[in-house]
Every structure is written in C-alpha cells, then in structure tokens.
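If you read the sequences in order, they're chains A and B.
Residues in the first sequence are numbered consecutively from 346, following the working numbering.
Residues in the second sequence are numbered consecutively from 20, following the working numbering.
Just so it is clear, CB atoms sit at the ideal spot from N, CA and C, and this is done for glycine as well.
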Amino acid sequence: MSTEFATASHTTTAGPVLAFTGELDAHTAHTAFAAIQEVPLSRGQLLLVDLAGLRLCDSSGISALIAASHRATDSDAEFALAAVPAHLARVLTLIGLDRVFTTYPTRADAHTAWIAAHPEPHATNT
Amino acid sequence: MMSPTGDLTGGGGGSCGDEPRPEGTDTNPAFSALLEDSAEDLYENAPCGYLSTLMDGTIAKINTTLLDWLGYRRAELVGCRRITDLLTVGGRMYYETHLAPMLAMHGEVGGVALELRGANGSRLPVLATSVVKTGPDGTAQLIRTTVFDATDRRAYEQELLRARRDAEDAREAADRERDRVQKLATTLQRSLLPPQLPRVPGMRIAAYYHPASADEVGGDFYDLFPLRGDAWGFFLGDVSGKGATAAAVTSLTRYTLRAAAVYDPDPIAVLDNLNTVLHHRYRRDEPRFCTVVYGSLTPTDTGFGLTLATGGHTPAVLIRADGATSLIEAPGGMLVGAFPTATFVTVEVQLLPGDSLLFYTDGLTEARTGGRERFSEEQLRHHIAALGPVDASTLIADLTDLLTAFGDGVDDDTALLALSIPPTEGPRP
Numbered sequence: 346m347s348t349e350f351a352t353a354s355h356t357t358t359a360g361p362v363l364a365f366t367g368e369l370d371a372h373t374a375h376t377a378f379a380a381i382q383e384v385p386l387s388r389g390q391l392l393l394v395d396l397a398g399l400r401l402c403d404s405s406g407i408s409a410l411i412a413a414s415h416r417a418t419d420s421d422a423e424f425a426l427a428a429v430p431a432h433l434a435r436v437l438t439l440i441g442l443d444r445v446f447t448t449y450p451t452r453a454d455a456h457t458a459w460i461a462a463h464p465e466p467h468a469t470n471t
Numbered sequence: 020m021m022s023p024t025g026d027l028t029g030g031g032g033g034s035c036g037d038e039p040r041p042e043g044t045d046t047n048p049a050f051s052a053l054l055e056d057s058a059e060d061l062y063e064n065a066p067c068g069y070l071s072t073l074m075d076g077t078i079a080k081i082n083t084t085l086l087d088w089l090g091y092r093r094a095e096l097v098g099c100r101r102i103t104d105l106l107t108v109g110g111r112m113y114y115e116t117h118l119a120p121m122l123a124m125h126g127e128v129g130g131v132a133l134e135l136r137g138a139n140g141s142r143l144p145v146l147a148t149s150v151v152k153t154g155p156d157g158t159a160q161l162i163r164t165t166v167f168d169a170t171d172r173r174a175y176e177q178e179l180l181r182a183r184r185d186a187e188d189a190r191e192a193a194d195r196e197r198d199r200v201q202k203l204a205t206t207l208q209r210s211l212l213p214p215q216l217p218r219v220p221g222m223r224i225a226a227y228y229h230p231a232s233a234d235e236v237g238g239d240f241y242d243l244f245p246l247r248g249d250a251w252g253f254f255l256g257d258v259s260g261k262g263a264t265a266a267a268v269t270s271l272t273r274y275t276l277r278a279a280a281v282y283d284p285d286p287i288a289v290l291d292n293l294n295t296v297l298h299h300r301y302r303r304d305e306p307r308f309c310t311v312v313y314g315s316l317t318p319t320d321t322g323f324g325l326t327l328a329t330g331g332h333t334p335a336v337l338i339r340a341d342g343a344t345s346l347i348e349a350p351g352g353m354l355v356g357a358f359p360t361a362t363f364v365t366v367e368v369q370l371l372p373g374d375s376l377l378f379y380t381d382g383l384t385e386a387r388t389g390g391r392e393r394f395s396e397e398q399l400r401h402h403i404a405a406l407g408p409v410d411a412s413t414l415i416a417d418l419t420d421l422l423t424a425f426g427d428g429v430d431d432d433t434a435l436l437a438l439s440i441p442p443t444e445g446p447r448p
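Dropping the structure here:
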C-alpha cells in the first residue's frame with residue numbers, strides 16, 4: 346500500500362502557499378503537521394493550503410487541516426483551502442467544516458480574492 | 020611443655036619423624052639452602068593447615084598455620100587431643116559415621132567440607148583432604164590431613180545462594196508485576212470497549228463493535244443508558260486518529276457524554292459540553308476531535324420519540340416497517356472538539372412499530388471491498404433496502420456477516436448500533 350505524500354511551499358504577496366499532494370492519512374500526517382508549523386506566516390497574511398494534488402484524506406488529514414487553520418488563527422492570519430477534491434468536499438460538508446473553512450476553486454482564485462480585499466498588499470502590516 | 024616453634028618433628032606419638040625432606044640439589048648452593056630452609060618453613064607456614072593424627076584420632080602433629088587459625092598453642096593439642104576435639108558437634112558425628120569408615124576402607128577421602136572449632140569457640144569452615152599413611156608392613160600408621168580455609172569459599176557459596184534467591188525473588192516480583200500490568204491493561208481496555216447495553220422496555224437494541232486490529236482498540240464508541248424518568252440517552256461516534264492517544268480521547272469522550280447527559284439531557288447541550296471539554300484538552304496538541312450522534316429517546320403511545328443531535332457524523336439509516344429506507348440527516352452539525360465553539364443541529368424522528376434505525380461509524384462505509392474500491396454509503400443503503408423490514412438484531416447480524424466477509428478490507432474500527440420497535444400484533448398500520 347503506497348502512502349506517498351509530499352508538501353511544498355512558496356510565498357506570494359498574499360502569504361505562504363502550502364501544497365499537499367498524495368495521500369494524507371495517519372502514516373503521513375506528521376509530515377503535514379511539520380510543514381504547517383514551519384511555514385513562515387505573519388500577521389494579516391493568508392495561509393493557503395492547496396489540495397489540488399491530494400488523492401486521499403482521512404481523519405488524520407482533517408486534523409492537519411484543522412491544525413493549519415489554528416496556526417493561522419494564532420498568527421492573526423487568514424486561512425483558506427484551494428482546489429478541494431470532491432471526495433474531501435463531501436466529507437467537509439458532512440462534518441460541518443464547509444462553513445468554517447473558506448475555499449477557492451484554485452490557488453489563483455484565492456490570490457485574486459485576497460488582492461481584491463487588500464488593496465495595498467502586505468505593505469502596512471509589520 | 021614444648022614451645023610452639025620448638026618441636027617440628029618430635030611431637031606426638033613419635034611416628035612423625037620420618038617426614039620426607041627435600042634432596043640437596045645441584046648447582047646453586049644458595050638456592051639449595053633456600054629450598055632446604057623452605058621445607059620446614061613450608062610445612063609450618065604453608066597457606067594451608069597440616070594435621071597428622073594417629074589412627075585413634077590423637078593429634079600427632081600440626082603446623083603453625085592451622086594452630087594460628089584455631090588459636091591454640093601446639094602443646095595444647097599435640098599428644099593430648101583428638102581430631103574430634105577440633106570439630107563441631109555435627110562435624111564430629113560426620114567424622115565418626117562417614118569419614119573414619121571411608122578412611123579405613125579406601126585409605127583416603129578428599130574435598131570434605133567441615134567446620135573446625137577454634138580455641139575461643141569460633142567456627143572455621145574448611146575443606147579437608149585426608150590420606151592414610153601405611154608402614155612397610157602395610158598397616159595403617161597415621162592419617163595426614165590437609166586443611167584449606169574455606170571461609171571465602173563459604174562466603175562465595177552463600178553469596179551464590181543469596182544471588183539465586185534474589186534472582187528468584189526478582190523473577191517472582193517481575194511475574195507478579197507483569198500479571199498486574201496485564202490485568203490493569205485488560206481492565207482499562209474493557210473500560211474503553213462499548214459496554215453491554217441495558218434492556219429498554221418496548222425497544223430492541225443490538226450493537227456490534229469490530230476492532231480493526233487487536234492492539235489498536237478504542238477509536239469508536241457507543242453507549243445507551245437511562246436518563247430521568249423513562250427517557251434514555253445514547254450515543255455513537257468515532258474519534259480522529261488511531262492507537263493509544265485515540266483511545267484516551269475515546270475514554271474522555273464517553274465519560275464526558277454520559278456525565279453531560281445527566282447534567283442536562285438536551286442533545287445540543289450535551290454536544291456543546293463535549294466540544295468544550297475536548298477543545299480545552301487537546302487544543303494545543305495535534306487537534307483531536309470526534310464525530311458523534313447523540314440522541315434521547317422518550318416512549319410514546321405507539322413507539323419512541325427520538326431527538327437526535329449530530330456532530331459531523333454519518334447520517335443514520337431509517338428502515339420503516341414497510342421496508343422503505345431513508346437517511347436521518349441533520350446538515351450543519353460540526354465535528355466536536357476542533358474549534359472553541361461548534362454548531363449542532365437536532366432532528367426529530369418518530370419511531371413506530373416495525374421501524375428500525377441504524378447508526379454506524381465509517382469503518383463500514385470505508386471498508387475496501389476489493390482492491391482499492393471502498394464500500395460506500397449508497398451501497399450500504401442499497402444493501403439494507405434489499406433486506407426489507409428488519410429488527411435490530413437481524414440487521415446487526417447481517418451487517419456483522421458483511422464486515423466478516425470484507426475481512427482485511429476493514430482497516431478502521433467499526434461500531435454498529437441498531438434500535439427497533441417490535442411490530443404490533445395483527446395487520447400492519
């Protein structure tokens with residue numbers, strides 16, 4: 346049984362983007378937790394988790410997404426998910442998190458929305 | 020009396036004067052002298068005791084080493100005491116019943132452990148070897164005995180015995196400790212497993228718990244218990260993660276739900292309480308949460324009224340008396356414990372005669388049916404619809420068979436809880 350999972354991160358004007366790809370479950374969640382703790386995040390930024398390449402997400406994976414949202418809350422930052430796969434969207438609805446997490450179809454959409462809401466990108470907050 | 024050092028060969032019965040003496044040897048006179056000198060010196064001051072006794076046991080000759088060990092002067096022993104006078108009571112008996120006959124028979128006896136008695140009554144453990152010296156005509160003349168101080172050896176033996184006793188004690192203690200821990204683990208595990216469910220008048224209840232693996236028990240939970248009056252509370256749920264930590268969350272969840280239900284049986288209040296407790300406990304660690312349904316049952320004229328609150332849990336399946344199936348959904352109920360506040364939604368259901376209601380955790384609907392295919396909620400509903408009207412125990416028995424058929428495909432714990440109202444006699448409503 347393959348449990349391939351990888352994280353990648355880069356920073357845009359809106360803030361850090363964490364991409365989760367592969368299978369996020371009990372065996373791989375620790376990698377996600379580590380990435381969430383390590384990602385540089387400042388007040389007022391957007392922490393965006395891109396799930397475009399996520400093939401599987403069990404309760405440990407949900408736990409990682411919740412940890413990411415807590416990380417954002419703790420930093421006074423915003424939090425959103427991009428490209429939530431259909432299977433995960435169904436689960437998020439079942440567990441009531443579809444109304445807790447902001448979601449965007451793509452990371453570009455998230456970026457655009459953030460820019461629109463913040464006319465002077467990340468210059469004022471220090 | 021003779022001085023202790025004055026009599027090397029002349030003491031005792033006079034048969035001691037023929038001790039072999041080293042031959043003077045070749046080359047180095049100084050070396051020879053040294054050897055010459057050492058013969059007597061070796062006898063007297065050897066690192067062991069020498070004792071010569073007549074056949075009746077009278078001490079004929081004894082070396083300085085042994086005199087020193089025993090605290091006697093030579094004159095006190097030679098010619099006037101017997102070897103038995105140097106032995107303890109037990110040693111004396113042993114000497115007379117075993118050693119003396121063996122010496123008479125075989126002419127020698129070796130490696131005998133004895134206790135000698137010193138002048139001041141002290142005891143000296145020794146190892147003795149005795150040889151009978153015969154005269155030219157073959158008659159026994161003398162018994163020569165070498166005596167080794169066995170104090171160290173005795174101490175060593177006692178140390179060995181003590182060490183063995185200690186090891187045995189330690190092993191027994193370890194066995195007792197292991198038994199204790201095992202018993203504790205079993206008790207704790209039992210406290211995590213769903214309990215035997217009570218009998219509820221007017222309702223049939225059946226449940227099944229399927230642990231995905233023997234050592235990772237405790238991810239799912241259910242319980243059913245009396246509330247005030249003739250009302251009953253029940254819950255079923257699934258905590259995130261696996262293993263010991265998940266089991267700890269399960270335990271906390273179960274006891275919180277029961278306590279909260281006693282405090283305020285309103286289903287939303289119960290889940291609010293659980294959310295607060297779990298969030299406070301696990302907020303700073305890796306987030307821990309559960310999905311849960313909590314319901315209260317109140318008997319009505321025809322069956323039971325059910326108020327169900329869901330916290331992000333898979334919808335229950337309702338099978339009406341005519342076999343029609345539907346899902347009891349309460350959209351918007353959030354999983355419990357992940358956020359400081361959570362919203363929960365209730366739904367009311369009237370359970371009538373012949374109706375059954377199934378609650379389950381997603382071990383069932385995420386079971387791999389073959390390869391990577393997973394058994395879905397839709398498939399489960401079709402499976403149940405095909406059964407037609409069923410009561411709680413038939414339903415659980417059927418699903419238990421289904422889970423067994425999945426075998427290794429069930430890679431998560433699965434809990435099943437079914438409630439049914441017995442059909443009324445006569446024609447169906």
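- Taking the CA atoms as reference points, residue 374(A) sits about 21 Å from residue 443(A).
- One finds nothing in chain B with a Cβ atom closer than 9 Å to the Cβ of residue 381(A); even the nearest lies about 10 Å away.
- Legend: CB atoms of the stretch 350-382 of chain B lying less than 9 Å from CB atoms of chain A belong to residues 350, 351, 352, 353, 354, 357, 358, 361, 362, 363, 364, 381.
- Of the residues assessed, residue 395(B) falls on the exposed side of the cut-off, its CB having fewer than 16 other CB atoms within 10 angstroms.
- Under the Cβ distance rule, residue 442(A) counts among the residues neighbouring chain B, one pair being separated by less than 8 Å.
- Here the alpha carbons of residue 359(A) and residue 285(B) stand approximately 44 Å from one another.
- Its Cα nearest to that of residue 414(B), the residue 437(B) stands out among 437(B), 431(B), 397(B), 268(B).
- Between the C-alpha atoms of residue 356(B) and residue 403(B) there is a straight-line separation of about 32 Å.
- Judged by DSSP secondary structure, residue 134(B) falls within the beta strand (DSSP E) whose first and last residues are 127-136.
- The continuous stretches of alpha helix (DSSP H) do not include residue 250(B), and DSSP gives it neither H nor E.
- Partner residues in the beta bridge of residue 311(B), as assigned by DSSP, are 256(B), 330(B).
- At a cut-off of 8 Å, the C-beta of residue 446(A) has no neighbouring C-beta in chain B.
- For residue 330(B) and residue 272(B), the gap between their C-alpha atoms comes out near 13 Å.
- Residue 462(A) and residue 242(B) have their alpha carbons spaced roughly 48 Å apart.
- Counting the other CB atoms within 10 Å of its CB gives residue 200(B) a total below 16, which places it among the exposed residues.
- When Cβ-Cβ separations below 8 Å define contact, residue 260(B) makes contact with chain A.
- Using a Cβ distance threshold of 8 Å, residue 70(B) and residue 164(B) count as a contacting pair.
- For residue 420(A), there is no enclosing alpha helix (DSSP H), as DSSP marks it with neither H nor E.
- Within chain A, no residue has its CB atom less than 8 Å from the CB of residue 441(B), the nearest being about 32 Å off.
- DSSP, read as helix, strand or coil, puts residue 354(B) in coil.
- Nearest neighbour of residue 413(A) by Cα position, chosen from 367(A), 396(A), 432(A), turns out to be 396(A).
- Taking C-beta atoms under 8 Å as the contact rule, residue 307(B) and residue 259(B) qualify, at a distance of about 6 Å.
- By the criterion of at least three beta-carbon pairs nearer than 8 Å, the stretch 386-405 of chain A is not in contact with the stretch 275-285 of chain B.
- Going by beta carbons, residue 290(B) and residue 335(B) fall outside the 8 Å limit.
- At least 8 Å separates the beta-carbon of residue 238(B) from that of residue 332(B).
- Taking all protein chains in view, the Cβ of residue 261(B) is crowded by 16 or more other Cβ atoms within 10 Å, so the residue is classified as buried.
- For residue 371(A), the residues of chain B that pass the 7 Å Cβ criterion are 260, 261, in the order they occur in the chain.
- Spanning the alpha carbons of residue 68(B) and residue 148(B) requires a straight line of approximately 11 Å.
- Listed along chain B is no residue with a C-beta nearer than 9 Å to that of residue 363(A); the closest approach is about 16 Å.
- Per DSSP, the continuous alpha helix (DSSP H) segment holding residue 83(B) begins and ends at 83-89.
- The three-state reading of DSSP puts residue 435(B) in strand, counting E and B together.
- Residue 349(B) and residue 337(B) have their alpha carbons spaced roughly 13 Å apart.
- Contact between residue 151(B) and residue 127(B) holds, since their C-beta atoms are separated by about 7 Å, short of 8 Å.
- Cβ proximity to chain A below 8 Å picks out 302, 305, 306, 307, 308, 310 from the stretch 299-321 of chain B.
- Just so you know, the alpha carbons of residue 106(B) and residue 158(B) end up roughly 26 Å apart.
- The alpha-carbon separation between residue 198(B) and residue 249(B) amounts to approximately 43 Å.
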